[in-house]
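Same order as they appear, the protein sequences are chains A and B. Start counting the first sequence at 104; every next residue gets the next number (my numbering). Start counting the second sequence at 104; every next residue gets the next number (my numbering). Notes follow the structure.
Number of protein chains: 2
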Amino acid sequence: MPHLGNATAKAELGRAAWRVLHLMTLRFPDKPTPDDRETLKNYFHLFARLYPCGECAAHFQKLLKEYPPQTSSRKSASLWLCSLHNMVNKRLGKPDFDCLTLDSTYDCGCNGTNATTSASSSATENTAPLPTDPVHED
Amino acid sequence: MPHLGNATAKAELGRAAWRVLHLMTLRFPDKPTPDDRETLKNYFHLFARLYPCGECAAHFQKLLKEYPPQTSSRKSASLWLCSLHNMVNKRLGKPDFDCLTLDSTYDCGCNGTNATTSASSSATENTAPLPTDPVHED
């Protein structure tokens, strides 16, 4: 059992990582190119390997194997990541995160600028609401 | 000029991202395998492409082109990233970050567990101090 300082630091790292990851999927193109999709998929696998907490990294790697990244659209990527977040929450004894509040919980302050270099991704906007239907893919 | 809410969110995203990135390099193996090195290098390039703030992503991509990731050791990776952080700070009118305080500023609470799956990386410990000499590589 890690002492309080370590547990706090670990939780802070986790919060930071989720913020970055959720915002990446929330800014992912609505209609990604094959290259966009490959980029996001590879990113998650490298992230899981390099994540600084070894125990968390191993768990995330296992989750990725069981539930491969969904990358067909912003919606599918966002909801896929949210479902993974809730699997991690469950493991940690935390309450479920409401995936319909992603947009209001995570704000990147990006003013409509786009992170990707793909020509297909000019239509992404941070304010686009997430649909409520479940995603089945891959 | 973004309004206060956006600027705050953007800064919060930036802090979260730096936390994750610094801790990744601080937990990178002292003696990385070629595969470890490739993983870290590719990670930074994918990160720069997917970073949610488009303006920041473009700047980071430019920095990566000018100053390619240094991956020969934990020390070189950590100090390389710190120097990039200071280039971003300069652009934002922020004071320099003291690269010798990386270890005390960023704690992952990982208890000596290791994030990578490489057989070469079992010796990494979060408490290893960063040397003070400058790094020239690649």
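Backbone N, C-alpha and C fix where the C-beta goes; we use that ideal spot for every residue, glycine too.
Between the CA atoms of residue j and residue i - distance to the nearest angstrom
i	j	result
B/LEU149	A/TYR146	6 Å
A/GLU115	B/GLU169	31 Å
A/HIS125	A/SER179	12 Å
B/GLN164	B/MET190	13 Å
B/ASP206	A/ARG118	19 Å
B/PRO155	A/ALA160	22 Å
B/SER175	B/LEU166	19 Å
A/GLN173	B/ASN109	28 Å
A/THR204	A/CYS185	10 Å
B/PHE131	A/THR208	31 Å
B/LEU153	A/THR128	9 Å
B/THR142	B/THR136	10 Å
B/ARG177	A/ASN214	36 Å
B/ALA218	A/SER181	Summary for B/ALA218: the model assigns pLDDT 44, below 50, so the residue's position carries little reliability, and this model does not support an answer.
A/PRO171	A/ASN192	18 Å
B/ARG261	A/VAL123	Any question about residue 261 of chain B goes unanswered here, given that chain B covers just 104 to 241.
A/LYS144	B/LYS144	16 Å
Burial state of residue i (16 or more Cβ within 10 Å)
i	result
B/THR111	exposed
A/LYS134	exposed
A/ASP138	exposed
B/PRO198	exposed
B/LEU245	This structure gives no information on residue 245 of chain B, because the portion of chain B shown stretches from 104 to 241.
B/LYS113	buried
A/HIS239	Because the pLDDT at A/HIS239 is just 44, under 50, the model does not fix this residue reliably, and the point stays unresolved.
Among the options, nearest to residue i - alpha-carbon criterion
i	options	result
A/LEU187	A/HIS162, A/TYR209, A/THR204, A/SER176	A/HIS162
B/ASP201	B/TRP183, B/LEU143, B/ARG177, B/CYS211	B/TRP183
B/CYS211	A/GLY157, A/LEU203, A/ASN214	A/GLY157
A/ALA151	A/ARG177, A/THR136, A/ALA120	A/ALA120
### Query
Quick one, which residues of the stretch 111-142 of chain B are near chain A if we go by CB-CB under 8 Å, in chain order?
Identification of residues in the stretch 111-142 of chain B having a C-beta nearer than 8 Å to some C-beta of chain A yields THR111, ALA112, LYS113, ALA114, GLU115, LEU116, ARG118, ALA119, ALA120, ARG122, VAL123, LEU126, MET127, LEU129, ARG130, PHE131, THR142, given in sequence order.
### Message
For a minimum of 3 consecutive residues, which ranges assigned as the beta strand (DSSP E) are wholly contained in the stretch 129-188 of chain A?
### Response
Taken in chain order, the complete beta strand (DSSP E) segments of 3 or more residues contained in the stretch 129-188 of chain A number zero; there are none.
### Interfacial residues, the stretch 160-181 of chain B to chain A, with Cβ spacing under 7 Å
The stretch 160-181 of chain B vs chain A, Cβ under 7 Å: ALA160.
### Task
Could you please tell me which residues of the stretch 182-216 of chain B, in chain order, have their CB closer than 7 Å to any CB of chain A?
Answer in chain order: ASP210, CYS211, GLY212, CYS213, ASN214, THR216.
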